[in-house]
Each structure stands twice: as structure tokens, then as C-alpha cells.
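Protein chains in written order, with our numbering: chain A, 1 to 260; chain B, 1001 to 1479.
See the structure below:
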């Protein structure tokens, strides 16, 4: 579903990602962990199509297509979703309006009929119930005056409505209390299926207690320094950053030795 | 881009830019007393009106064009303008059946059906083409309720006492340079009188169209709501694309007596000029309402997307105790458009309230200034004003200015002013695009959200129209 090969990305000449290889198959949940500044969010943003990054080498294939030349809206219409670390406020635009505009835009792109306001309301009420969210969410302006936790839950609501093929969650768990964490986990777990893949970008192991990943990757210094099963997250939690720092040093040493 | 696409794109830029080829009544260029006498004679006006025009003209000669607005334009040659233009079809038609079919076709093309059977249910229309009103729909039906809705010229002929009583009573001929010019040369416009206790059952609407070249349009609108009456009035305007600038200097006077209510909505879409600032209408307009009795209520709503330059400050004189004035505005400037617009609220009576909500959008090299005056006189015990003034900027070359003037002479008054300026951010756009919205849809969504408080004040059909108009006006604003 997603094939990242040797991806190099820099911002204003400064290398951030230095050769990422990653592949996700349908049905899989992968977690990418790592300290601040390791390049986790850059990876998430590049996959969603954020402009302003220089991609100096490598390739990304998504559902058999070359992902990188596509503008963000086409990626979204092809079923890619990014839950933002810092969701944006859109004053005056009701949540329901954005959700319906986005859903119908994607349905049109797939050649499906648009959904009318009544059917949409029914559809979205189911999603709200699933996530234990109040209907008043729909009528508030997008993220305006939302608490940090509400913004994150709103991202999960969008994800549930749009039902993406590939969902990328960028630190959706950070700053959440335990109830909100449950909501996020419920949203993600309800989406798990043989046809979908999920990439969790996270700083902490905590989220992985509720969503068990198939694979865990450790990103440090712009490279994946280790990959493993769910146990790797626990190991990381136990050993902390010192261990990562060592891994980073090792990775750099390996890279420097490998370069001519 | 393929050819049909390109054509479509050009048409979408300003699709009201066509010219109707219609024979004009000949009329000389330039301005002097003889021209004013001729306009007055053409319309068969009573002596009081000619006198008023001449007084205005003589006063105008002593005035100088104002320069305080944040707009720039080459000097206007007032002798190069033709002050009267009328389609040659003899006297004003008595019924729609007598209206020149080509004029009807023009309004059809503009989406304003004048045939009553096809007319939008619930909207009566007065259509002003260059200097004259060409058709008014649903007149008879309104008359059964005692509501007068007709062209200004007809009002002068049929109801001279009302015209004489109210004309210039809100905007005197000496008010300002452009209002004074209008008083001297105004040619037509709309007139509304709603009698005591009558609620007008349909929206009244005037549609202004400038067609002739080298012509100024100087219409005058007078709306009177008698004690306890209420009326909602809509105004729309377009003009052909032309390379030269054309002057539009209108005056609107609203009078609301005790417990009366007037809602005046404008969707202004005069030709804005091309992307380089060539051509377009100079829209220098004076609009003012007078809440003349207790608890009178006047509300202005405007969506301004057209004109090369807009200069207007619809205001309310809150004379009656407990009267209410409101102003809701969206002004958009794109390419080289300039707008200096806002409102004036003059609190005279006790417990008077006013609200100003102004939303300015600047894109391209557009310049947008909010200029507002809130004045509370000594007797206006308990007066309250709330002003909110937001600017939205798109791109690095546009400008937004805010000039609030507040004068308070009564210590019990409460006057609040809030202002904000924001830019449509890359982050916001990326957020919406990552949900599958194209760039233009994303911009439209953000802009509509920004204007929501104003759009919700518009009658439903107009709100939809206004949203579409903003979308078209903003095409190519980012990218």
C-alpha cells in the first residue's frame, strides 16, 4: 500500500530525513517513535503533501501510484488522511460544513453520488456515537475555541467520516487525558480492516497500550535506526532517550563508514 | 489551457460586462445650468425641484473634490461626462408590454426577470437602465396595500408632496461634493413609501445597470417607512466592461418613523476594471438613514465586490429614543481595486443602539480601508455601540487600513471597538486541502466563514448570490 524508498528530505538546505525505507501493507498498523526533532512530523507532512520541503532523493509509492507529484487534495481523494498534530482553526465554518464538503468532494472524485444533508446527519451521528462525542461538535466552528483534547478528537471524527485507506496520525496522543486517549484508540481500532493501513507517529508508548501495532520503527536523526514488533515500544519506554542517543550515534557511525 | 477553457475563464472574470446596443436619446456632454434645466424639463419636473437642483449646482461650484479617502485616481473631468442617458423609446412605458424587448432581454441576461409571471416569487423589481427607470413589477399589487413603489421620476409626478417633504431631509444637497453633484443632476432612481402600520409583504428591489459609455449614473433612492411600517429593500448593480472609468454618484435616503423598520441590502457588482486597473466604475455614494421616531430600526447590509474605487459610508442618524442602527458589510478588493468604506452612527436619542460589523478582504494589489464614525451626542443617555472590524489579506501586495473615529459627549455611553487583521495562511490551506478540498474551494470556505456574520443578514437568495460573487471575484487570488 505504501512503499517509501530511500527518502531524503530537507528544509531550507538542512537535511531532516536522511534515507527512510518503510513499507506498509493493507491491514497493518505501524508505529513510528522517536524523540523530538527526529523527523517524525516531517515524514507525516511530506506524505500528506505539505509544500516547502525539498525532496532530494527517494520515492514514495501509494496504492501503486507515485505519491510525491500529487497535490495534497488528490492524495486525500485517493484515501490518504493525516490527523494533524496542531489542527487549524477555520472561523465561521461549521464542523458539519467542512465534514460534508470534504466527504462529498472525495465521493465525487471516486465517482460516487454525493450525500445529502439528511443522510449525512444520520451518517455522522453514528460516528459521533461511536466516539462518544456530543452532537454540538457539528455546529461549532472548526476547532475555534476548542481545547487541545477537543481538537484531537475532532481529527478522529474527521478520520471516521472520511474512512481513509491510509491514516497517518501525527502525535494525536500528545497532551490527551485518558478519556480522550480512549476516544482516539476507539476511532483507530474501528477503522482497522484488511483494506486499510494506519501509521501512528508518536512520542510515547502509552497510545500503543490501546492500539497494538504490527510493527514499531524507531526514528532518530532522520533515519530509522531500529524496527521490531510491539515489544520494541516497551523496550523503548524502559530504556528511554539515552538508549536512542546511542542508537543514533551507531547509525551515524554506520552511515559515515558506509559513505565513500 | 484549451480555447473554450480560456474563454470560460475570461467570461467568469466579469460576466456582466456585455453592452446592449440600444439607441440613445441625444444629450450634450458637460455640465452647466442649461444642462440641469434640460434634465429637469425632460422629466417635466415642478418648479421646486428645478430650484433645488440649481441651488445644489451653485453650491457644488464652491466645493472641491474630497481628498481624505485612502484612494488614488487621476483627476475626473466633470465636463467630459454625459449627465443624462436614456434609451430612446419615447415616454416611459405604461406596462411591461410596452417595454423595448431588447431592454427586457438585457435584464433577462442579467438574471433579473421583469416579466411578473416569471419574476422571483416575493420580489418586486424596479429596473434602472442608465438614467431612467424602465420597468417596475408588482406595482398594482403593492398599491392595494397603499405601498408606493415606483421610479423617482414617477414619484415626482404622482406624489410631489411626499417628495418635497422628504427629499434632501436626510442627505441635504450641501452634504458633500458627490451628494451635491447628485442633487444637481440626478436623473432617476427608486421611490418607496410604506404607509402606517403596513408590513411590506415582498422584498422590494432595484436593479441598476449602466450601459451607455461616457455616462455618469446619478440615481437617487428615497425610502420612507411611516409609523409602525416595515420594508426590506434590495439593490443590485452591474455595468459593461469599458476601458475608461465611469462615475456613479448615487444618494440613498431612508426615513424610518416611530416603530418603523427598514432593511436595506446591497450587492454591488459594478465593473471593477481589469487586472491592471484599466477601466471600472468610480462608486462614490452617499447613503444615510434617519431613525426619526422612537424605536425606529434601520439596518444596512452590503456586499461590495465591484467598482474600481468604492467610497461610501452608509450611516444612521439615531434621533428617536430607543432607535437602532446596524451596518453589516463585506468589501472585497482584488487586482487594483480600492475601497474606502465604513459607516457613520450618530447617536442623538436616549438608549439608542448601533452595531457595525465590517469585513474587508484584500487580494492581489487591492486596497481596503475601513473608515467609521461613532458619535454620541450629549443627550444620548445610555447609548451603546459595538463595532467589529476584521480584515483578511491574501498575498503580499494587498493592503488593509482601519480608521475608527469615536466622539463621545455623554459619559453614560458604552462604545466598543474590536479590530483584527489576519492572513489566509498556508497552514489553513494545507489543512483543508489535506481533507480533499481544491485550493479555490479551500479559499472560498475560509472567506465564507470570515463573512458569515454579514451573509446571515442578507435575504436568502441574495446570500447565495453573494457567496457565488465572492468566489468568482477571488478567482486566481492565490496561486
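Ideal placement from N, C-alpha and C gives every residue a C-beta, glycine not left out.
Only a predicted model underlies this, so the values are computations on that prediction, with no experimental measurement involved.
Query	Result
Cβ neighbour criterion (16 or more within 10 Å) applied to residue 344 of chain A	For residue 344 of chain A there is no data in the structure shown, the boundaries of chain A being 1 and 260.
For residue 1402 of chain B: DSSP bridge partner residues	B/1370
Endpoints, the beta strand (DSSP E) within which residue 228 of chain A is located	223 to 228
Closer than 8 Å to chain A by CB, residue 1117 of chain B	The predicted position of residue 1117 of chain B is uncertain, since its pLDDT is 43 and thus under 50; a value taken from the coordinates is nonetheless stated next. No - not a single Cβ of chain A is within 8 Å of the one on residue 1117 of chain B.
Below-8 Å beta-carbon distance, residue 1395 of chain B vs any chain A residue	no
Assumed close pair residue 1208 of chain B, residue 1249 of chain B - CB separation to whole angstroms, cut-off 8 Å	Wrong, their Cβ atoms sit about 12 Å apart, outside the cutoff.
Contacts of residue 1452 of chain B in chain A (Cβ-Cβ under 7 Å)	92
Proximity of residue 213 of chain A and residue 29 of chain A at Cβ, strictly below 8 Å	yes
Residue 176 of chain A in three-state terms, based on DSSP	coil
Test: residue 10 of chain A CB closer than 8 Å to a CB of chain B	no
Residue interval of the alpha helix (DSSP H) (run including residue 152 of chain A)	148 to 162
Rounded straight-line distance, which links the Cα of residue 1372 of chain B to that of residue 1458 of chain B	21 Å
Beta-carbon neighbours of residue 158 of chain A, restricted to chain B and to distances below 9 Å	1435
Residue 1301 of chain B, enclosing alpha helix (DSSP H) - first and last residue	Segment 1297 to 1304 is the beta strand (DSSP E) holding residue 1301 of chain B; no alpha helix (DSSP H) there.
Beta strand (DSSP E) runs contained entirely in the region 32 to 94 of chain A, provided each spans 3 or more residues	54 to 62, 80 to 83, 90 to 94
Minimum Cβ-Cβ distance from residue 141 of chain A to chain C less than 8 Å	Among the chains of the structure shown, chain C does not appear; the protein chains present are A and B.
Chain-ordered neighbours of residue 106 of chain A on chain B, where CB pairs are closer than 9 Å	1435, 1436
Any non-hydrogen atom of the ligand GTP within 7 Å of residue 1298 of chain B CB	Annotation note on the ligand GTP: not contained in the displayed structure, which lists no ligands.
The region 165 to 183 of chain A: positions lying closer than 7 Å to chain B by Cβ	none
Exposure of residue 1068 of chain B, with buried meaning 16 or more beta-carbon neighbours within 10 Å	exposed
Spatially closest choice to residue 1303 of chain B from B/1452, B/1060, B/1127, by CA coordinates	B/1452
Beta carbon of residue 1155 of chain B nearer than 8 Å to that of residue 1053 of chain B	no
Residue 184 of chain A versus residue 83 of chain A - alpha carbon distance	11 Å
Buried or exposed (CB count within 10 angstroms, at least 16 for buried), residue 36 of chain A	exposed
Pairwise C-alpha distance: residue 1330 of chain B and residue 92 of chain A	14 Å
Span of the alpha helix (DSSP H) around residue 1190 of chain B	Premise fails: residue 1190 of chain B lies in the beta strand (DSSP E), 1190 to 1194, not in any alpha helix (DSSP H).
Outcome for residue 105 of chain A when other beta-carbon atoms lying within 10 angstroms are tallied against a minimum of 16	buried
CB contact flag (residue 1064 of chain B, residue 1171 of chain B, <8 Å)	no
Cβ-based contacts, 9 Å cut-off: residues of the region 216 to 236 of chain A near chain B	none
Status (buried if at least 16 other CB within 10 Å, exposed otherwise) for residue 1314 of chain B	buried
Residue 1252 of chain B versus residue 1395 of chain B: straight-line alpha-carbon distance, rounded	35 Å
Collapsed DSSP secondary structure at residue 1121 of chain B in the structure displayed	Note that residue 1121 of chain B scores a pLDDT of 48, beneath 50, so its modelled location is shaky and nothing firm can be said.
C-alpha distance - residue 1247 of chain B paired with residue 48 of chain A, whole-angstrom precision	50 Å
Per-residue burial, residue 207 of chain A [other beta carbons within 10 Å of its own, 16 or more giving buried]	buried
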